[in-house]
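Just so you know, the sequences run in chain order A and B.
FYI, the numbering for the first sequence is 1 to 115, going by the working numbering.
FYI, the numbering for the second sequence is 1001 to 1115, going by the working numbering.
Written out below as structure tokens is the structure these notes cover.
2 protein chains.
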Amino acid sequence: MLCLTTEAALLKALAHPTRLCILQVLAQEEACVCHLTAVTGQRQANISQHLTVLREAGLVQDRRDGVLVYYRLADPRLWEALALLCEVGCAACERPLRSVPHSPVPGCPCPKCKV
Amino acid sequence: MLCLTTEAALLKALAHPTRLCILQVLAQEEACVCHLTAVTGQRQANISQHLTVLREAGLVQDRRDGVLVYYRLADPRLWEALALLCEVGCAACERPLRSVPHSPVPGCPCPKCKV
DNA sequence: TCCAAATATTCGCTATATCGAATATAATAA
DNA sequence: TTATTATATTCGATATAGCGAATATTTGGA
């Protein structure tokens, strides 16, 4: 049997609604943790955990700017490839999987959300 | 937060080495359960369980021919889309994710393996 | 009808994922 | 240095996935 554990691990890292939401935001542009926290409505520790999963899977990269840590997609084509797979694999999915425009999130303290 | 639970469920159904192996075989041509069991080296009940996951996710369809049940991809483009995602998402993946030619498996009783 | 083979299902156990809460760490400013 | 804010980590509890074993179901043939 051909071993597809590496590919399965990649898919497992993708297989969570919150992580997909994070990737959807990052597909637009890089974002800091507090922004992702505000957008998703999840707790900060939870987002940090999900980001760790994504980072260890090699899907995102991060850079620190002062006290903020910005995350970005490791490969900008990721969301496009995901949208294609969802379109092919899933009749019930939003079709096509859409991108979300960046917009300031109330309550998010990051510079991109400060008016 | 945009709800991506449907997409996450699809990815979760894909996120297992044995299920990927099944899909890899089915990408070539339809196959019966006993063939998939022989190819993967897993137990019959286990393969049947994985096939149930794939079927309920809408990824495969089945047809009965006598005592045999043949499974096929619901969408023939699935493997191609998966290969693209793996290439984009994962530097460590086999690149590109290859297809496997059909070949008779010793010990498989299905007609396609009988010489 | 009875049996054998292919496939599906159920059950119980173990492993893993997820999450909240609490805490730790890092960077900047006072 | 101390305080504050953003982020990361750890821990414990709960939920879910995965698997083997046993059993049920389906089909065709004797």
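Note that CB positions come from ideal geometry on N, CA and C, so glycine has one too.
Bear in mind that the values here come from a model prediction, so they are computed numbers and not experimental data.
Reference residue i; option with closest CA among the options
i, options, result
"L20/A", "Y70/A, K114/A, L78/A", "L78/A"
"S125/A", "P17/A, H16/A, L23/A", "Residue 125/A lies beyond the stretch modelled for chain A, which goes from 1 to 115, so this question has no answer here."
"P106/A", "A9/A, L4/A, T37/A", "T37/A"
"L7/A", "S1103/B, K1114/B, L1082/B, C1108/B", "Note that residue 7/A corresponds to Glu in the displayed sequence, not to Leu. If we check each option's Cα against that of E7/A, L1082/B comes out closest."
"C73/A", "L1084/B, G1089/B, P1076/B, E1080/B", "The residue asked about is misnamed: residue 73/A is Leu in this sequence, not Cys. Cα-wise, what sits closest to L73/A is G1089/B."
"C3/A", "P1076/B, G1041/B, C1003/B, T1005/B", "G1041/B"
Proximal residues of chain B, C-beta to C-beta of residue i below 7 Å
i, result
"H16/A", "A1008"
"T5/A", "P1017"
"A27/A", "By Cβ distance, chain B contributes nothing, its closest Cβ being about 12 Å from A27/A, past 7 Å."
"C86/A", "E1007, L1010"
"L78/A", "V1088, G1089"
Amino acids of chain A, ordered along the chain, whose beta-carbon sits closer than 7 Å to that of residue i
i, result
"K1012/B", "A15"
Residue i, DSSP secondary structure in three states
i, result
"A13/A", "helix"
"V100/A", "coil"
"L1073/B", "strand"
"Q24/A", "helix"
"C1034/B", "helix"
"L1085/B", "helix"
"V1053/B", "helix"
"Q1044/B", "helix"
"V105/A", "coil"
Same chain, Cβ closer than 8 Å to residue i, neighbours up to 5 away in sequence not counted
i, result
"M1001/B", "With a pLDDT of only 46 at M1001/B, under 50, the local geometry of the prediction cannot be trusted, and the value read off the model is given with reservation. Closer than 8 Å at Cβ, skipping near neighbours: no residue."
"C34/A", "Q44, L68, C108, P109, C110"
"L1085/B", "none"
"P76/A", "A27"
"L1051/B", "I1022, V1033, L1036, V1060, D1062, Y1071"
Listed by chain order, chain A residues near residue i by CB distance under 8 Å
i, result
"A1091/B", "G58"
"D1075/B", "V88, G89"
Residues near residue i by beta carbon distance below 7 Å, same chain, minus five either side
i, result
"Y70/A", "E30, A31, C32, D62, R63"
"V1053/B", "A1013, R1019"
"L1010/B", "A1057"
"P1101/B", "Q1028"
Contacts around residue i, its chain only, beta-carbon distance under 6 Å, and the 5 residues preceding and following it disregarded
i, result
"C1113/B", "P1104, V1105"
"V39/A", "V25, V105"
Cross-chain neighbours of residue i in chain B, by beta carbon under 9 Å
i, result
"L82/A", "E1007, L1011, L1085, V1088, G1089"
_Under 8 Å: do the region 1023-1041 of chain B and the region 1054-1074 of chain B share three or more Cβ pairs, one atom per stretch?_
Yes, the region 1023-1041 of chain B is in contact with the region 1054-1074 of chain B.
*asked:* Within 8 Å, do at least three Cβ pairs link the region 10-18 of chain A to the region 43-59 of chain A?
replied: yes
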